[in-house]
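In order, the protein sequences belong to chains E and L. Counting with the UniProt record's numbering, you get residues 1 to 121 for the letters of the first sequence. Counting with the UniProt record's numbering, you get residues 1 to 138 for the letters of the second sequence. Yeah, the Cβ is synthetic: ideal placement off N, Cα and C, and Gly gets one too. This report concerns only the one structure given below.
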Amino acid sequence: MGSSVKSGSPITTHVLNTGDGVPAARMALSLHRLDPSMAIWNLITTENTNEDGRCPGLITSDGFVPGMYKIRFETGQYWESLGKSSFYPYVEIVFTISDADQSCHVPLLVSRYSYSTYRGS
Amino acid sequence: MNRLEHIRGHIVSADKNMNIAAILPSPLTTHVLNIDHGVPGANMTISLHHLNPISSEWNLLTTRITNDDGRCPGLISKESFIAGVYKMHFETGKYWDALGETCFYPYVEVVFTITDPLQKYHVPLLLSRFSYSTYRGS
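What follows is the structure in structure tokens.
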């Protein structure tokens, strides 16, 4: 296990399927950072959530700088793989990191017809 | 006086430029609630976009500001409301900025799929400085 994973990603997420009351396993998601000068989103990483609905190692401490970030959750594909439809084809959560010394937890609680998120630590 | 005329009387007295189409019930509605303060999210800029399925580009349909009740009456007309993918963009950062506070979310975008435009859809936003939620209502 590399040192970047041992020290833990400063951005973490946890996806919960509140419709079924289980972690949302094997949901594809991607983390992006906004390049303010070009006004484009740069892809940092693409991952699938594990059995617990988490993605360890999203970003390294070195890569974690202040700025605007976005996590895109492929919720539509996730519900489709369960044989269900959903109101949301995907969910994007855009957030601002002003202090890169703090870690930041961006969970997603999702059902077929609702979702919520909050800033955790 | 029927109910529509009664309602129109309230609205026209406030803005004589508002046309009839704007006050007929929109098949798509929203409601912004500031759950930090327990008040409607008034004076928030929001915009509605429709995804062009061929070009995969977002077409801006309308830009509005929520009223004192956190709502935007007449968001879209029945004629314009077709099946497809829509996006509602909420200027949450600017909203909290106007209240002298910071917010974790510079903006919120809710992307949703309309399969049956004959139904009514309600896409509310319950917002605090460090959390938000949305659901499909009617």
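When DSSP states are grouped into helix, strand and coil, serine 98(E) belongs to the coil group. Membership of aspartate 97(L) in the alpha helix (DSSP H) is indicated by the continuous run 92 to 98. Residue-level contact by beta carbon fails for tyrosine 69(E) and chain L, as no gap is shorter than 8 Å. Residue Phe104(L) holds the alpha-carbon nearest to the alpha-carbon of threonine 117(E) among Ile65(L), Phe104(L) and Glu79(L). Residue range 75 to 81 is occupied by the alpha helix (DSSP H) that includes tyrosine 78(E), with no beta strand (DSSP E) assigned at that position.
With its beta carbon less than 8 Å from one in chain E, phenylalanine 130(L) belongs to the interface. Counting every other CB atom within 10 Å of its CB across the protein chains shown gives leucine 60(L) a total below 16, marking it as exposed.
Here the C-alpha atom of cysteine 55(E) lies approximately 18 Å from the C-alpha atom of tryptophan 79(E). The DSSP-derived three-state label of arginine 71(L) is strand. Close to phenylalanine 95(E), with beta-carbon spacing below 7 Å, are these residues of chain L in chain order: Phe104 and Tyr105.
At a beta-carbon threshold of 9 Å, the residues of chain E lying near tyrosine 135(L) are Phe87, Ser111, Tyr113, Ser114, Tyr115 and Ser116, ordered along the chain. Chain-order list of chain L residues neighbouring tyrosine 90(E): Val111, by C-beta distance under 8 Å. When rounded, the separation of the alpha-carbon atoms in glycine 21(E) and tyrosine 135(L) is 17 Å. Judged by pairs of C-beta atoms under 8 Å, the region 85 to 98 of chain L does not touch the region 70 to 78 of chain E, as fewer than three such pairs exist. For arginine 54(E), not one C-beta of chain L is nearer than 8 Å to its own C-beta.
Contact check between the region 24 to 40 of chain L and the region 111 to 130 of chain L: three or more CB pairs, one atom from each, fall below 8 Å, which counts as touching. In this structure, the straight-line span from the alpha carbon of serine 56(L) to that of serine 121(E) is close to 36 Å. Taking 8 Å as the cut-off between beta carbons, none of the residues of the region 23 to 38 of chain E comes near chain L. Neighbourhood of valine 32(L) in chain E, by CB distance below 9 Å: empty, with the nearest CB roughly 15 Å away. Interface annotation, arginine 119(E): in contact with chain L, CB-CB separation under 8 Å.
Non-local C-beta neighbours of glutamate 79(L) in its own chain, meaning closer than 6 Å and more than five positions away in sequence, are absent. DSSP places arginine 136(L) in the coil class of the three-state scheme, outside both helix and strand. In this structure threonine 115(L) is in contact with alanine 83(L), their Cβ atoms being roughly 6 Å apart against a cut-off of 8 Å. Counting of Cβ neighbours within 10 angstroms places serine 111(E) among the buried residues, the total reaching 16 or more.
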